[in-house]
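Novice:
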Amino acid sequence: MKLPLVALILASAVMAAEPSKDDFKKALEEDPNDRSALYNFGMASYMDEDYAQAIDSWQRLEKLEPADWQLKAKLIQAYWAAGQHDKAEATIGELRAARSAGKSDELKKQTFFIRDQFVVGEFRVFTLEYFDLAGERPLLWKFILRSGDKAASRYFSLGSYDSTNEFMRTNGDLKPDERAFHLDGYSSNGDHQTFSFFRERPKYEAVRSQVIEILHGKRSEISSTRATNEGERDRRKTPVEPVVPLPSDGAE
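In the UniProt record's numbering, the protein residues as written are 1 to 252.
#1: What does DSSP give as the partner residue(s) for Y155 in the beta ladder?
#2: What residues are listed by DSSP as bridge partners for T127?
#3: Counting pairs of beta carbons, one from the segment 95-115 and one from the segment 128-148, are three or more of them closer than 8 Å?
#4: Are the segment 69-78 and the segment 88-96 touching by the rule of at least three beta carbon pairs closer than 8 Å?
#5: How would you call G231, buried or exposed, if buried means at least 16 neighbouring beta carbons within 10 angstroms?
#6: Measure the alpha-carbon distance for N171 versus E200 and round it to whole angstroms.
#7: Just mark V119 as buried or exposed, buried being the case when its beta carbon has 16 or more other beta carbons within 10 Å.
#8: Measuring alpha carbon to alpha carbon, tell me which residue in Q59, K63 and S20 is nearest D48.
#9: Just curious, the beta strand (DSSP E) that Q193 is in, first and last residue?
#10: Where DSSP assigns a beta bridge to A88, which residues make up the other side?
#11: Please list the terminal residues of the continuous beta strand (DSSP E) segment that includes S224.
#12: Determine the closest residue to T164 out of A78, L215 and D184, with distance taken between C-alpha atoms.
#13: According to the neighbour-count rule (16 or more other Cβ atoms, all chains shown, within 10 Å of its Cβ), is P202 buried or exposed?
#14: Just the C-alpha distance for A206 and L128, rounded to the nearest angstrom, thanks.
#15: Any idea what DSSP makes of K74, helix, strand or coil?
#16: Whose CA, out of G102, A67, K150 and D105, lies closest to the CA of R124?
#17: DSSP three-state label for K150, please.
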């Protein structure tokens with residue numbers, strides 16, 4: 001029996017160099033509906049920042065695998081990177097709707113998906129979007145940093161903690177029908193910084209831009225909690241900026 005070209009390519013990768021983008025392109029010339037080749041050609045195109053080609057490959061694969069939720073997540077990343085933000089948001093809506101409808105047992109078990117990847121300096125940043133604001137310390141987005149094949153010792157998150165909302169309501173900083181969100185940074189040594197507050201759910205693009213500013217050293221924390229040498233917690237606050245709604249281009 002003749003093996004598909006992509007199977008031969010992947011098998012040979014075990015013995016030699018990783019298959020190239022051209023290898024997968026050749027496999028698709030032989031069989032335009034080769035699912036593995038479509039996915040891998042799309043992935044290679046995405047990593048080459050050829051987002052239009054990645055979208056084309058993954059859209060073709062989606063027609064063959066319409067229930068593949070992980071493929072939808074890859075399309076979301078490609079749409080966003082290509083500047084097709086409306087398509088990214090629409091596909092996020094489709095993914096959330098599929099999960100709510102229970103169309104996939106595997107998807108139903110997931111608490112988040114990767115909605116974006118981007119590079120800042122030495123770091124590749126992966127954005128996790130959580131399906132539900134669950135628990136006492138719910139998160140909407142979490143920004144994981146990787147340098148090469150290693151995870152960095154810090155991450156950022158946009159959360160909406162129950163304790164923070166209760167405190168702000170008690171102080172009169174938040175109306176009963178409002179929900180605050182806050183952008184925080186956490187380090188493995190126990191340090192914590194808060195960089196900004198929002199009276200309402202912000203747009204992803206606004207928070208993403210702030211994370212980039214932080215990594216470039218262009219945005220400072222407005223409050224912090226640092227671990228001392230004795231392992232204790234040392235609370236150091238700077239005057240907190242007023243909690244004000246973002247302009248129309250910063251709220252969702």
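Backbone N, C-alpha and C fix where the C-beta goes; we use that ideal spot for every residue, glycine too.
Specialist: The answer reads as follows:
#1: For this step, residue 155 is matched to residue 155 along the sequence shown. Y155 is bridged to I144 and Y186.
#2: Against the sequence shown, residue 127 aligns to sequence position 127. D116 and F143.
#3: Yes, the segment 95-115 is in contact with the segment 128-148.
#4: Judged by Cβ distances under 8 Å, the segment 69-78 makes contact with the segment 88-96, as three or more pairs qualify.
#5: The count along the sequence shown starts at 1 and reaches residue 231 at position 231. Interpretation of G231 is limited by its pLDDT of 45, a score under 50 that renders its predicted location unreliable; no figure is taken from the coordinates.
#6: Here residue 171 is taken as the residue at index 171 of the sequence shown, counted from 1. Here residue 200 is taken as the residue at index 200 of the sequence shown, counted from 1. Between N171 and E200, the C-alpha separation is close to 17 Å.
#7: To locate residue 119, count along the sequence shown from 1; it is residue 119. By the 10 Å Cβ count, V119 comes out exposed.
#8: Here residue 48 corresponds to residue number 48 of the sequence shown, with the count starting at 1. Of the listed residues, the one whose Cα sits closest to D48 is S20.
#9: On the sequence shown, position 193 is the one that residue 193 refers to. Where Q193 is concerned, the enclosing beta strand (DSSP E) stretches over H192 to F198.
#10: Taking the first residue of the sequence shown as position 1, residue 88 is located at position 88. Its beta-bridge partners do not exist; DSSP assigns none.
#11: For the purposes of this step, residue 224 is taken as residue 224 along the sequence shown, with counting starting at 1. Taken as a continuous stretch (DSSP letters only), the beta strand (DSSP E) holding S224 covers S223 to A227.
#12: Looking up residue 164 in the sequence shown gives position 164. Cα-wise, what sits closest to T164 is D184.
#13: Against the sequence shown, residue 202 aligns to sequence position 202. That one is buried.
#14: Taking the first residue of the sequence shown as position 1, residue 206 is located at position 206. Taking the first residue of the sequence shown as position 1, residue 128 is located at position 128. Roughly 16 Å between the two C-alpha positions.
#15: To locate residue 74, count along the sequence shown from 1; it is residue 74. In this structure, K74 counts as helix in the three-state DSSP scheme.
#16: Taking the sequence shown and counting its residues from 1, the one referred to as residue 124 is at position 124. Ranking G102, A67, K150 and D105 by Cα distance to R124 puts K150 first.
#17: As a position in the sequence shown, residue 150 is number 150, starting the count at 1. Of the three classes helix, strand and coil, the one that applies to K150 here is strand, per DSSP.
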